[in-house]
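K.L.:
Residue numbers for the sequence shown follow the UniProt record's numbering, so the first one is 1 and each next one is one higher.
C-beta: ideal position from N, C-alpha, C; glycine also.
This is the structure I have questions about; it appears just below.
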Amino acid sequence: MDALRSALQPITHKLPKPIFKTGVTLLGTSCYKTLILDIDPAASPECVKLAISKGLGIGIIGASSIVKIPQLIKLVNSQSAEGISFLSYLLETSSYLISLAYNVRQGFPFSTFGETAFILVQNVAIAALVLHYQRKSAGAAVWVAGLAAAGYALFDQRIVDPKTMAVLQAAAGVLGIASKAPQIVANYEQGSTGQLSAFAVFNYLLGSLSRIFTTLQEVNDTLVLYGFVSGFVLNCILAFQMVYYWNSPSGKKTASKKTEKPIAAGQPSTPSATSTATASKSKGPSTRRRG
1 MDALRSALQP ITHKLPKPIF KTGVTLLGTS CYKTLILDID PAASPECVKL AISKGLGIGI
61 IGASSIVKIP QLIKLVNSQS AEGISFLSYL LETSSYLISL AYNVRQGFPF STFGETAFIL
121 VQNVAIAALV LHYQRKSAGA AVWVAGLAAA GYALFDQRIV DPKTMAVLQA AAGVLGIASK
181 APQIVANYEQ GSTGQLSAFA VFNYLLGSLS RIFTTLQEVN DTLVLYGFVS GFVLNCILAF
241 QMVYYWNSPS GKKTASKKTE KPIAAGQPST PSATSTATAS KSKGPSTRRR G
């Protein structure tokens, strides 16, 4: 360790000023000195935990900027919203909007909630596309306008006071839980995950697990913590469905239609003159094979 420290310290002591300022902002003066300048992680385990938390937070924010892009691409390419629950996106987006406003107004570090903003924007676009492909384009316009108005109110303390904001944050946790239920039910009823993106589902699972750790390390707020814990549990269910229905691209309704078609096609066509006789014969036992 001493040899590694001797090799790295000349570099860490001469880092460019922007990197130095960023490091101090993320870790604080004391932990920056311990981990970066002195390169002595054993001296402060708490600083190591903080650094891991910051690293996870930045990673989550980076991944969140593209986490819903595969879902958007699937919707656009298929021109279909099959298997996508608008209600699920409505509830999740409402939860994210409230949480974003709450975290900003509380002054929590951006690394602990930054992904909320990126996912929120992508959710708005996905939900608007779902409405569009369901031939409800007017509803998509109302959806965007309503969110804009709600966001303005939530960020303005003159409209939503701090006490009300805390109540709304508690409600956001419930909304976050409820947002997964329609999608879980839709997957079960269809017997498939439709146009749901596996990339988004599994990234959500990992992200919610990581957020439990970062929240415990950096945010002393049980309202935020409980939201991430409940979200992780329901993301586990969605991930399980994604694996279980992996080889079931079509829903139960589509599959039943495909099963009916060969039977209909296999029925023998008979002249109209003998239809009565054929009908009477079919009442008895028959060894004829049917499609």
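Nearest-angstrom Cα distance between I177 and L168?
P.N.:
Taking the straight line joining both Cα atoms gives about 14 angstroms.
K.L.:
Can you grab the Cα-Cα spacing for the pair V48 / P10, in whole Å?
P.N.:
Whole-angstrom Cα-Cα distance: 21 angstroms.
K.L.:
Per DSSP, what kind of secondary structure is V229 in: helix, strand or coil?
P.N.:
Reduced to three states, the DSSP call for V229 is helix.
K.L.:
Spell out a yes or no on whether the stretch 109 to 124 and the stretch 225 to 237 are touching, meaning 3 or more CB-CB pairs, one atom from each, closer than 8 angstroms.
P.N.:
No: fewer than three Cβ pairs fall under 8 angstroms.
K.L.:
Run through DSSP, which three-state label would Y245 get?
P.N.:
Coil at Y245, not helix or strand.
K.L.:
Ordered along the chain, which non-local residues of its own chain (more than five positions away) have a Cβ less than 7 angstroms from that of L50?
P.N.:
Closer than 7 angstroms at the Cβ level, and outside the excluded window around L50, lie L27, C31, Q217.
K.L.:
Could you check where the alpha helix (DSSP H) with R105 kicks off and where it finishes?
P.N.:
Its alpha helix (DSSP H) spans residues 86 to 106.
K.L.:
Are V219 and T112 closer than 7 angstroms when you measure CB to CB?
P.N.:
Yes, the Cβ-Cβ distance between V219 and T112 is below 7 angstroms.
K.L.:
Roughly how many angstroms separate the alpha carbons of I212 and N247, rounded to a whole number?
P.N.:
Rounded to the nearest angstrom, the two C-alpha atoms are 32 angstroms apart.
K.L.:
Could you tell me the distance, in whole angstroms, from the CA atom of A145 to the CA atom of A138?
P.N.:
Whole-angstrom Cα-Cα distance: 11 angstroms.
K.L.:
Give the straight-line distance between the Cα atoms of N103 and N77, rounded to the nearest whole angstrom.
P.N.:
Straight-line Cα distance between these residues: approximately 35 angstroms.
K.L.:
For V76, which three-state DSSP category applies?
P.N.:
Three-state result, V76: helix.
K.L.:
Return the residue from the list A128, L35, Q71, P18 that minimises the CA-CA distance to F199.
P.N.:
It is Q71 whose Cα lies nearest to the Cα of F199.
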